[in-house]
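Quick note, my numbering runs 719 ahead of the 1-based positions in the sequence shown.
All C-beta atoms, glycine included, are put in the ideal place defined by N, C-alpha and C.
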Amino acid sequence: MPDFSGLLQGPEWVVFFCCALLIGMSKTGLPNIGTLTVPVFALLFGAKNSTGVVLPMLCMADLLAVIYYRKKFHRELVFGPMPWALLGLMTALVLGHVVPESGFRVMMAGCILLGIGTMFASSRTEKLELLTTSRWFAPFIGLALGFSTMIGNAAGPILTVYLLAMRLPKFAFVATGAWFIMILNYLKIPLQLFVWDNITTAGFLLDLTALPFIVLGGFIGIQMVKVIPEQQFKRLMICLTVIATLILLI
């Protein structure tokens with residue numbers, strides 16, 4: 720069982736709190752920006768251990784988002800691919816339990832790159848329509864979402880493709896994504912607590928220190944989603960996520 724007490728030193732606290740801010744922003748209005756924190760947390764705590772540190776923070780931010788967007792989500796889009804997502808989650812649980820740390824880092828980076836590749840594949844409207852008409856679209860999206868969120872809390876890019884394909888209004892887009900990921904994240908708590916054994920009291924107390932920054936990030940995300948053109952921001956996030964993933968692979 721990892722112990723994170725006293726692990727962060729000096730500037731690392733600044734990095735940690737900045738990541739908490741980004742997590743809050745990603746849940747309430749700026750999808751994919753939270754993916755940038757995945758390799759950063761992996762560098763701070765180790766790839767597998769980082770998922771146990773980050774998960775409670777994500778759950779806090781999820782709760783904030785679904786409270787704010789509680790009436791705007793599309794129920795059928797949340798529960799439609801959920802069975803496939805649960806299958807992907809359980810597959811990742813088994814693999815993550817047996818692979819070494821180095822293999823876990825590769826799988827984590829692979830999940831992020833899979834999401835980026837899916838986003839590039841759907842970058843044009845005609846390609847997006849072709850994807851959604853395929854009978855494999857829902858199973859692929861569900862499996863990829865479940866696997867990537869379990870391995871590296873990195874389901875953001877794939878979830879974005881799914882929601883873009885559904886052509887939702889902006890706030891319904893954010894709300895539906897928040898509800899989908901919240902359900903998966905809360906299901907992951909007992910799995911990581913009792914199977915992976917990487918959620919600890921010390922890690923949770925560390926997460927509580929980040930709560931004010933998560934809330935602040937959530938407020939910023941709500942405000943920014945109203946003014947930032949989504950397409951321009953999406954391109955920027957893809958570029959930054961590629962850079963962050965390459966850092967993780969070094």
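If you compare alpha carbons, which of the options is closest to residue i?
i: L795; options: T895, F735, D926, M943; result: The identity of residue 795 in the sequence shown is Glu, whereas the question assumes Leu. Of the listed residues, the one whose Cα sits closest to E795 is T895.
i: V880; options: W915, I918, I786, I860; result: I860
i: K790; options: G922, F892, V934, Q950; result: F892
i: A739; options: Q951, M776, T770, G765; result: M776
i: L883; options: M869, P750, Q728, M943; result: P750
i: D916; options: L812, A780, G799; result: L812
i: V797; options: F736, L832, G765, L864; result: L864
i: L762; options: R824, F792, P948; result: R824
i: V757; options: C830, F792, Q942, G748; result: C830
i: F856; options: L903, L832, G799; result: G799
How would you label residue i, buried or exposed, when you count the other beta carbons within 10 angstroms and need 16 or more for buried?
i: K767; result: buried
i: V759; result: buried
i: P909; result: exposed
i: L774; result: buried
i: K681; result: With the chain running from 720 to 969 in the structure shown, residue 681 is simply not present.
i: L927; result: exposed
i: C958; result: exposed
i: P730; result: exposed
i: P931; result: exposed
i: Q950; result: exposed
i: G836; result: exposed
i: P876; result: buried
i: T868; result: buried
i: T920; result: exposed
i: F899; result: buried
Distance check for residue j and residue i, CA to CA, integer angstroms please.
i: L814; j: V733; result: 33 Å
i: V772; j: G922; result: 5 Å
i: L924; j: R854; result: 45 Å
i: P819; j: L783; result: 34 Å
i: L935; j: A828; result: 28 Å
i: K746; j: G753; result: 8 Å
i: P901; j: S821; result: The question names Pro, but residue 901 in the sequence shown is Met. Straight-line Cα distance between these residues: approximately 28 Å.
i: A804; j: Y788; result: 22 Å
i: Q911; j: Y905; result: 10 Å
i: P888; j: I947; result: 14 Å
i: L727; j: I742; result: 19 Å
i: P858; j: T770; result: 25 Å
i: L755; j: F938; result: 19 Å
i: H793; j: F764; result: 36 Å
i: V914; j: H816; result: 7 Å
i: M720; j: F890; result: Residue placement at M720 is poorly supported in this model, since its pLDDT is 48, which falls under 50; the coordinates still yield a value, given next. Cα-Cα distance, rounded: 40 Å.
i: D781; j: K907; result: 13 Å
Verify whether the separation of the beta carbon atoms of residue i and residue j is less than 7 Å.
i: A897; j: V785; result: yes
i: I933; j: M801; result: no
i: L878; j: G807; result: no
i: G940; j: M744; result: yes
i: T810; j: F866; result: yes
i: M885; j: G748; result: no
Can you check whether the C-beta of residue i is within less than 7 Å of a C-beta belonging to chain B?
i: G799; result: Absent from the structure is chain B; it holds one protein chain and no more.
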